[in-house]
Amino acid sequence: PIPASFMADRWGRRPLILLTCPIYFLSWIIILVWPTIETLLFTRIVQGLAMGVVFTVVPLYLSEISSPEIRGSICSLFHNTWYLGHVIEYCLGACLSYRMYTYVTAALPVISFLVFYGQPESPYFLVMKKRNAEAANCLSRLRGCSPVNSVSEELQAMVLSYNNEVSNKASWKDIFRTSADIRALYIVLGLGTLRVLNGLIAIMTYSTQTFSHLHSVNASLHSVNASDNSVLSRIVTPNNTTIVFGVIIFISSFFVAIIADLSGRRQLLMFSAFGSCVNLLLAGGYFYMDTMTNIDVSRYNWFPVLTIIVFSLFVTLGIG
């Protein structure tokens with residue numbers, strides 16, 4: 005994220021976002037041509053770097069092109085669509101072979117490049133580079149109004165904001181200037197670390213393998229009622245459960261801003277962290293008894309599915 009922010013200020017938001025598309029595309033082509041463990045690890049690292057650029061530059065770009073009235077909603081949609089992307093990938097993985105899935109996924113960055121190529125640069129970046137005339141044209145295009153004069157007030161506000169930023173520009177040393185600044189740094193680093201290490205990304209990545217415990221549920225039901233189980237086994241599968249899991253997270257992400265405004269950020273973060281911890285402990289306890297002890301927990305194979313889904317809901321409420 006730190007190098008991406010510097011590159012975005014040097015070369016622009018739009019070129020950097022476009023650059024991630026061929027990186028994603030080439031990484032999927034490498035997987036198609038050389039499907040080995042080494043290439044999978046290499047492409048995962050490359051895609052992780054590209055994702056770091058996306059998560060740094062795209063929210064910055066969205067905040068700079070949107071009007072103040074809808075800026076918060078537009079920026080929050082970035083995380084909503086990220087969860088939607090997981091749902092789409094879950095659906096593709098459930099109905100396509102591995103190779104066909106890779107073909108389709110490789111086509112997505114190409115579509116993104118073609119769609120985004122015609123979009124304007126950030127007006128704020130153009131103001132930073134003293135290209136105010138181009139910034140006015142981009143603003144008029146983004147606001148859907150032809151006369152450049154109609155966006156003059158917003159442009160002047162951007163110029164004033166940039167001038168204030170330059171006049172009050174701080175250095176990295178200012179972070180450690182006062183005890184309050186150091187405390188704020190600790191809070192930011194702690195929340196950032198918690199956001200990455202809370203386990204949601206790992207669970208969403210390996211959700212199908214986790215929900216494979218449903219197969220044993222169907223097996224136990226088969227001994228009770230074979231005819232009913234034939235229908236149930238086609239519906240309640242790891243793939244379908246994974247899709248439902250993704251849809252639940254996607255839908256719940258829309259209510260975070262509303263709940264945060266009603267309850268407050270700090271209380272919501274504490275509630276989210278506590279609920280996530282409790283459900284992870286419950287899921288971990290189940291898996292420990294299942295794999296490390298002789299206790300028969302096969303009758304409760306629904307329990308880890310429930311705790312993981314509830315855990316994901318708690319994460320999306322705050323720390324996620």
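Quick note on this note's numbering: the sequence shown kicks off at 5 and runs consecutively. By construction, the Cβ of each residue, glycine as well, lies at the ideal position given by its N, Cα and C atoms. In this text, all values refer to a predicted model and were calculated from it rather than measured experimentally.
Note the first and the last residue of the continuous alpha helix (DSSP H) segment covering residue i.
i, result
"GLN51", "41-69"
"GLN271", "269-296"
"SER183", "183-201"
"PRO19", "17-37"
"GLY97", "75-99"
"PHE117", "102-120"
"PHE129", "127-132"
"ARG135", "No alpha helix (DSSP H) holds ARG135; DSSP gives it neither H nor E."
"PHE258", "First-last for PHE258: undefined, no H or E at that position."
"GLN160", "156-171"
"ILE205", "204-209"
"PHE318", "306-321"
Would you say residue i and residue j are within 7 angstroms of each other, going by their C-beta atoms?
i, j, result
"LEU20", "VAL61", "yes"
"ILE34", "THR47", "yes"
"THR246", "PHE291", "no"
"THR311", "ALA287", "yes"
"VAL131", "VAL163", "yes"
"LEU118", "LEU143", "no"
"ILE252", "TYR87", "no"
"ALA54", "ILE27", "yes"
"ILE313", "PHE259", "no"
"ILE191", "ASP185", "no"
"PHE318", "GLY268", "no"
"VAL50", "SER67", "no"
Taking residue i and residue j to be in contact with their CB atoms under 8 angstroms, please state how far apart those CB atoms are, rounded to whole angstroms.
i, j, result
"ASN202", "ILE299", "That pair is no contact at about 28 angstroms."
"SER126", "TYR65", "6 angstroms"
"HIS83", "SER276", "The Cβ separation is near 14 angstroms, so there is no contact."
"LEU96", "TYR107", "At roughly 10 angstroms, the Cβ-Cβ gap does not stay under 8 angstroms, so LEU96 and TYR107 are not in contact."
Quick one: Cα of residue i to Cα of residue j, how far?
i, j, result
"SER9", "VAL58", "11 angstroms"
"THR109", "LEU36", "11 angstroms"
"GLY122", "ARG147", "15 angstroms"
"VAL221", "GLN213", "Interpretation of VAL221 is limited by its pLDDT of 49, a score under 50 that renders its predicted location unreliable; no figure is taken from the coordinates."
"ARG14", "ASN305", "53 angstroms"
"LEU225", "SER302", "With a pLDDT of only 46 at LEU225, under 50, the local geometry of the prediction cannot be trusted, and no value is derived from it."
"PHE120", "ARG145", "14 angstroms"
"VAL228", "GLY289", "Confidence is the limiting factor: at VAL228 the pLDDT is only 48, short of 50, which leaves the residue's position unreliable, though a coordinate-based value still follows. In a straight line, the C-alpha of VAL228 is about 28 angstroms away from that of GLY289."
"GLY56", "LEU198", "17 angstroms"
"ALA12", "THR297", "53 angstroms"
"TYR128", "LEU284", "43 angstroms"
"LEU367", "ASP294", "Beyond the ends of the chain as shown, which are 5 and 324, falls residue 367; an answer cannot be given."
"GLN271", "VAL114", "42 angstroms"
"ALA98", "PRO242", "9 angstroms"
"TYR210", "ILE255", "20 angstroms"
"PHE315", "ASN168", "43 angstroms"
"ALA111", "LEU266", "41 angstroms"
"GLY89", "PRO72", "27 angstroms"
"ARG103", "ALA140", "46 angstroms"
"LEU44", "ARG181", "44 angstroms"
"SER101", "MET208", "20 angstroms"
"ARG187", "LEU193", "10 angstroms"
"ALA137", "SER70", "18 angstroms"
"LYS177", "ASN244", "51 angstroms"
"LEU273", "ALA206", "20 angstroms"
"PRO7", "PHE29", "22 angstroms"
"GLY196", "PHE307", "30 angstroms"
"LYS134", "TYR166", "10 angstroms"
"ILE263", "CYS149", "35 angstroms"
"ALA161", "ARG17", "20 angstroms"
* To do: Indicate whether the contact test is met: 3 or more Cβ pairs, each with one atom in the stretch 39-55 and one in the stretch 73-82, closer than 8 angstroms.
  => no
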